[in-house]
Every structure is written in structure tokens, then in C-alpha cells.
Amino acid sequence: MVATENKNAAATQDTQPGFVYLPLIAGWLVPGAGHFLLRKWGRGALLAVSILGMFALGIAMQGKVYANAHDILDMLGLAGDLGNGLLYVVSRMMGLGADTVQVTTADYGTRFIVVAGLLNVISAVDAHNLRTGRKM
Amino acid sequence: MLHPSHFASVLLFAFFASIAFGITQRETPRQMVRYGIYCFVLFVGSAVVLSWAMYLIAR
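As they're listed, the protein sequences go chains A and B. Per numbering that gives the first Met the number 0, the first sequence starts with residue 0, numbered consecutively. Per numbering that gives the first Met the number 0, the second sequence starts with residue 0, numbered consecutively.
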């Protein structure tokens, strides 16, 4: 059973030319791009809308975009934010988000941005699993 | 500037997170929809239950 699955996975990997980690990296940099590369248009679009929507809502709620880490919680928040890939870079360059959280909804916004990054990492790994044949 | 209510925030969070969970954690479209709905109900349900629990504890 396991041998058959491994054989199928290897066969899938062999039939697709190109860099095996490309969907993973593309999916991390741009939400949904990993699935688009694999021609999973519907899944990619839904993931892109979900992640972009959550990130945009976080910014609109004046959530904090972590720029540096002073303690362990900041480090975890920064790690989550970095999961957004280019969205994080663009938001930092444009100065989006708040430096400090002043209202309750801004605290929610901060969590929305962090979770958008974590969901983006999950979707990038999913694209990698599709690429390697681990998932159909 | 967006200032949704606490419950609206929960609904938005659950909606988007459930879509991502459904797509990434299951293989067939039918399973994805079922798991997405399951996650949404769990997110919102647990928020409501915990909110009532905290309300009753605080009284």
C-alpha cells in the first residue's frame, strides 16, 4: 500500500518538469500562486481570496505589522507576519498597519495579519504536497 | 478604518480560516466543503460557548 503510494508520488514527480520547490516558494511569496502553477485554479483562487481578505481586513482594522522583536511574543508575531511573503514586504514599504495597538479591533486586526501569514504557509506546503504527489 | 463588532470579527475570522483549512486538509471537493463547514461551526460555536462561560464566571 505504502509502496504503491510512493510509486505514484514518484511517477507524478517525474512527469512534471521543473524545480520541485517552485510551487512552495511561489505560494509563500504570493498567496495562491503555488496552486496556480499547478493549474489548480479554483483552489488557488479561494486560498488567495481568503488570505488576501484576511490580511486586508487586518490592515483595515489598524492591526500592527511587526517590524522587530523585543520579546518572545513579538518574535512569534513577526514569524507569523513573515508567512505573508511579499504582502509583508509591501505593507512594510508602504507603512501600512499601526505601530501600536490602540483599540480592541486593532488587536483583532493584528491577529488577522498573523493568521493570514500562517494560513499562507499552510497553503504553500499544500502546493508542495500537490507537486510531489503526496496529495492528489 | 474598519471597526467590526466582536462577533462580526469572529465570523470573518472563522469564514476565511475555514476555507483555507478545508482546501488544504482534505483531498476531494466534497470532503473540503464538509470539513470547511465543520471548522466554521467549531470556530463560531467554541467562541459562543467560551463567551457565555466567561460571562457566567464573571457574575
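Note that the Cβ used here is the ideal one computed from N, Cα and C, for glycine as well.
Members of the segment 55-76 of chain A near chain B, C-beta cut-off 8 Å: Sequence-ordered contacts of the segment 55-76 of chain A with chain B read 56, 59, 60, 61 [C-beta pairs closer than 8 Å].
Residue 107 of chain A to residue 8 of chain B span [Cα, whole Å]: Looking at the two C-alpha atoms, the distance is approximately 7 Å.
Below-9 Å beta-carbon distance, residue 53 of chain B vs any chain C residue: Considering every chain present, this structure includes no chain C. Its protein chains are A and B.
Where the alpha helix (DSSP H) through residue 99 of chain A begins and ends: For residue 99 of chain A, there is no enclosing alpha helix (DSSP H), as DSSP marks it with neither H nor E.
Between the CA atoms of residue 0 of chain B and residue 59 of chain A - distance to the nearest angstrom: Residue 0 of chain B has its alpha-carbon roughly 5 Å from the corresponding atom of residue 59 of chain A.
Contacts of residue 46 of chain B in chain A (Cβ-Cβ under 8 Å): Here the premise fails: no neighbours, minimum Cβ distance about 12 Å.
For residue 129 of chain A and residue 39 of chain A, believed in contact at Cβ under 8 Å, the rounded distance: Rounded to the nearest angstrom, the Cβ distance from residue 39 of chain A to residue 129 of chain A is 7 Å, consistent with a contact under 8 Å.
Member of A:22, A:21, A:49, A:28 whose CA lies at the smallest distance from the CA of residue 85 of chain A: The shortest CA-to-CA distance from residue 85 of chain A to any of A:22, A:21, A:49, A:28 is the one to A:28.
Contacts of residue 107 of chain A in chain B (Cβ-Cβ under 7 Å): Chain B residues near residue 107 of chain A: 8.
8 Å Cβ shell around residue 104 of chain A - same chain, five flanking residues per side excluded: Within the same chain, residue 104 of chain A has close Cβ partners 60, 61.
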